[in-house]
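Reminder that position 13 of the sequence shown reads as 13 in the working numbering, one-by-one numbering, no gaps. For each residue, glycine too, the CB sits at the ideal point set by N, CA and C. Read through the structure below, which is laid out as structure tokens, and then see the notes.
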Amino acid sequence: MMQKKFEIDPNSKSWVIKSLGKKWKDWKSKLKTAHYITHATDEERLADRDERVLPEQWAYLVSHWSSEEAEVSS
1 MMQKKFEIDP NSKSWVIKSL GKKWKDWKSK LKTAHYITHA TDEERLADRD ERVLPEQWAY
61 LVSHWSSEEA EVSS
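In structure tokens, the structure reads:
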């Protein structure tokens, strides 16, 4: 997708992909810290959705982060 929208020099491609991956990971971490960890129940978490996240995507994230599998990997 990124390559369809932007023309990236082949010599810089690896750096761009790593940089975007880091930024994406950092944003998810900030999102989880601000809107998930601060609440005790999934109802509270669902109500505290960041406006930049679509409701159905937020519901999926809350469900995922609440799963045993995600808790183990955290």
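Express the C-alpha separation of residue j and residue i in angstroms, rounding to a whole number.
{"i": "residue 41", "j": "residue 10", "result": "46 angstroms"}
{"i": "residue 25", "j": "residue 6", "result": "21 angstroms"}
Can you name, in chain order, every residue of its own chain whose Cβ lies under 6 angstroms from the Cβ of residue i, other than the five neighbours on each side?
{"i": "residue 35", "result": "48, 50"}
{"i": "residue 8", "result": "16"}
{"i": "residue 43", "result": "none"}
Smallest Cα separation from residue i: which of the options?
{"i": "residue 60", "options": "45, 73, 72, 74", "result": "45"}
Using a threshold of 8 angstroms, state whether the C-beta atoms of residue i and residue j are closer than that.
{"i": "residue 65", "j": "residue 32", "result": "yes"}
Please work out which residues of its chain come closer than 7 angstroms, Cβ to Cβ, to residue i, disregarding the five sequence neighbours upstream and downstream, and give them in chain order.
{"i": "residue 70", "result": "64"}
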